[in-house]
Each structure stands twice: as C-alpha cells, then as structure tokens.
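Down below is the structure, laid out as structure tokens.
There are 2 protein chains.
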Amino acid sequence: MMADQFKLLGDKTRLTMLAMLKERALCVCDLVEFLETSQPNVSQHLRKLKDAGLVNEMRKGQWIYYSLNIDDKPYIGTILNHIPSLKEKMINLKNDC
Amino acid sequence: MMADQFKLLGDKTRLTMLAMLKERALCVCDLVEFLETSQPNVSQHLRKLKDAGLVNEMRKGQWIYYSLNIDDKPYIGTILNHIPSLKEKMINLKNDC
DNA sequence: TGATTATATAAGCAAATCATTATATAGTTA
DNA sequence: TAACTATATAATGATTTGCTTATATAATCA
Numbered sequence: 146m147m148a149d150q151f152k153l154l155g156d157k158t159r160l161t162m163l164a165m166l167k168e169r170a171l172c173v174c175d176l177v178e179f180l181e182t183s184q185p186n187v188s189q190h191l192r193k194l195k196d197a198g199l200v201n202e203m204r205k206g207q208w209i210y211y212s213l214n215i216d217d218k219p220y221i222g223t224i225l226n227h228i229p230s231l232k233e234k235m236i237n238l239k240n241d242c
Numbered sequence: 146m147m148a149d150q151f152k153l154l155g156d157k158t159r160l161t162m163l164a165m166l167k168e169r170a171l172c173v174c175d176l177v178e179f180l181e182t183s184q185p186n187v188s189q190h191l192r193k194l195k196d197a198g199l200v201n202e203m204r205k206g207q208w209i210y211y212s213l214n215i216d217d218k219p220y221i222g223t224i225l226n227h228i229p230s231l232k233e234k235m236i237n238l239k240n241d242c
C-alpha cells in the first residue's frame with residue numbers, strides 16, 4: 146500500500162538514510178558514523194527499507210553495501226530530490242570502515 | 146521538519162483524505178461518509194493536517210469545508226498526483242449532509 | 001427558547017514505533 | 001583455529017499513534 150511507503154519516509158533517521166543513499170551506495174558503518182546512532186538501529190531501519198523494496202544490498206567482503214532501488218517508484222525519487230543534498234557533509238565518510 | 150510532513154502521509158486514512166481534497170473542498174461529514182469511520186476520527190486527522198499547514202478550513206453556516214493548501218509544497222502535490230483518482234467514487238457525495 | 005445538526009475536544013486504551021542492550025552470524029586475518 | 005570486524009537479530013521498554021466513547025461548542029431551525 147502507498148501509505149506504507151510514506152510511513153517509511155516519515156522518520157528522520159530513515160529519510161536521512163535515503164538522502165545519503167541518493168548520493169552513493171554506502172556500507173552500514175558509514176551510515177552509523179554519519180547518523181551518530183547505534184549499529185543495530187541502522188540495521189533495523191535498513192531492514193524496513195529493504196522489506197519495502199526501497200533499497201538493495203550487496204555484500205563486498207565483510208561489508209554490506211546498500212543502494213537505492215527506486216527506479217520503479219518515480220514519486221519517491223521526486224521526494225528525495227526535494228531534500229537538501231548531503232554530499233558536502235558526506236565527504237569525510239570513508240568506505241570500508 | 147520534512148519527515149513530519151511525510152509522517153502525515155504515512156497513514157491510509159489521511160492519505161485518502163488528501164486524495165479526496167485534491168478533487169474538491171469537502172465538509173467533515175463528506176469525509177466521514179466516504180471513509181466509513183467515526184466523525185471524531187476524521188476531525189482529529191483534519192486537525193493534524195491543519196496543524197501541519199496542509200489544509201485550510203472555511204466555515205459555511207454549520208458546515209466547515211476543508212481544502213488543500215499545498216501550493217507552497219510542490220513535492221506534496223507530486224505525491225498526490227501519483228495516487229489513483231477518487232473522482233468516480235466521490236460522485237455520490239452530497240455536500241451539506 | 002429548546003431541539004437538532006455539524007463539528008471539535010477530551011479521556012482512555014490497544015497496537016505500533018523507535019531506540020537500547022545483549023547476543024548471534026558471517027567474513028577476515030594472524 | 002582463534003581473535004577480530006561488520007552486520008543481523010532478539011528482547012525489552014518508553015513513547016507515539018490511531019481509534020473509540022463521551023462530552024462540549026457552535027450554528028440552525030421550529
């Protein structure tokens with residue numbers, strides 16, 4: 146249902162995660178560092194996003210990279226384009242923590 | 146905050162209400178009839194939408210009409226345009242119940 | 001004025017939500 | 001293999017949410 150997808154966007158942490166993933170694929174530890182929250186918290190939000198089909202995961206060694214999967218959800222893309230870019234603030238993030 | 150606005154869209158009842166108001170201004174009793182829920186429930190959802198500035202109210206006699214107020218929120222409009230139209234199903238709604 | 005209609009507000013409750021802490025799983029490295 | 005790192009899952013608890021029932025407010029009508 147459509148409302149369920151918006152419910153996912155209605156949380157500051159998840160909305161920020163999606164805005165980050167709009168810039169590039171990220172591993173869990175990148176998200177943890179940037180969001181300044183616990184690793185389980187990030188993992189649980191990621192699971193919700195994955196269950197809703199909004200993100201994909203791809204293992205790379207011991208890291209798991211998450212990326213946006215919204216090509217079939219144009220309105221989600223529109224929404225994310227209205228969020229101020231986080232590119233600048235993400236510069237310090239090093240992959241493979 | 147942006148997430149708070151999406152939180153409002155993340156509820157089936159409210160999302161339907163907004164989709165209805167996209168068609169035209171409606172009084173509370175129209176919403177109650179269409180949504181098949183209680184009048185206080187509708188009033189409380191309307192208050193949230195009003196507090197967030199998504200709808201306006203206008204009294205007309207003993208009725209209060211609510212209308213969309215999203216001219217300054219383009220992404221909300223985009224979202225509502227992706228919701229299947231309710232126009233057909235709203236044909237039987239008589240104003241001023 | 002008193003009854004009726006439309007709407008709002010308050011109180012209460014079950015269910016959902018978000019975070020935390022503890023633990024499990026899986027890959028890597030020494 | 002043992003220790004370490006990255007991530008997931010489980011258990012728990014405080015807070016929020018959505019709805020119901022009861023009551024209040026405001027406009028209309030007889």
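Residue numbers (this note's numbering), protein chains in the order written: chain A, 146 to 242; chain B, 146 to 242.
All C-beta atoms in this analysis are idealised placements derived from N, C-alpha and C, irrespective of residue type, glycine included.
Between residue i and residue j, how many whole angstroms is the CB-CB distance? I'm expecting something under 8 Å.
i, j, result
"residue 148 of chain A", "residue 211 of chain A", "Not confirmed; about 24 Å, so no contact."
"residue 153 of chain A", "residue 197 of chain A", "6 Å"
"residue 161 of chain A", "residue 182 of chain A", "Going by Cβ atoms, the distance from residue 161 of chain A to residue 182 of chain A rounds to 10 Å, so no, they are not a contact pair."
"residue 180 of chain B", "residue 187 of chain B", "7 Å"
"residue 213 of chain B", "residue 163 of chain B", "7 Å"
Can you give me the start and stop residues for the beta strand (DSSP E) that residue i sits inside?
i, result
"residue 204 of chain B", "200 to 205"
"residue 212 of chain A", "208 to 213"
Let's test the definition: count the other Cβ atoms within 10 Å of the Cβ of residue i and tell me whether it reaches 16, buried, or not, exposed.
i, result
"residue 155 of chain B", "buried"
"residue 242 of chain A", "exposed"
"residue 165 of chain A", "buried"
"residue 175 of chain B", "buried"
"residue 190 of chain A", "buried"
"residue 221 of chain B", "buried"
"residue 184 of chain A", "exposed"
"residue 150 of chain A", "buried"
"residue 236 of chain A", "exposed"
What residues of chain B sit near residue i, judged by a beta carbon separation below 7 Å?
i, result
"residue 147 of chain A", "160, 228"
Tell me whether residue i counts as near the ligand FAD, meaning its Cβ is closer than 6 Å to at least one heavy atom of that ligand.
i, result
"residue 146 of chain A", "This structure lacks the ligand FAD, and indeed carries no ligand of any kind."
Quick check on the DSSP output: the alpha helix (DSSP H) that includes residue i runs from which residue to which?
i, result
"residue 253 of chain A", "It is not possible to answer for residue 253 of chain A, since the shown part of chain A is limited to 146 through 242."
"residue 224 of chain B", "219 to 226"
"residue 148 of chain A", "147 to 154"
"residue 186 of chain A", "184 to 196"
"residue 175 of chain B", "173 to 180"
Output, in chain order, the set of chain B residues within a Cβ distance shorter than 8 Å of residue i.
i, result
"residue 156 of chain A", "148, 152"
Practice task
Please name the residues in the stretch 209 to 232 of chain B whose beta-carbon is closer than 7 Å to at least one beta-carbon of chain A, in chain order.
Solution key: Only 220, 223, 224, 227, 228 from the stretch 209 to 232 of chain B bring a Cβ to less than 7 Å from some Cβ of chain A.
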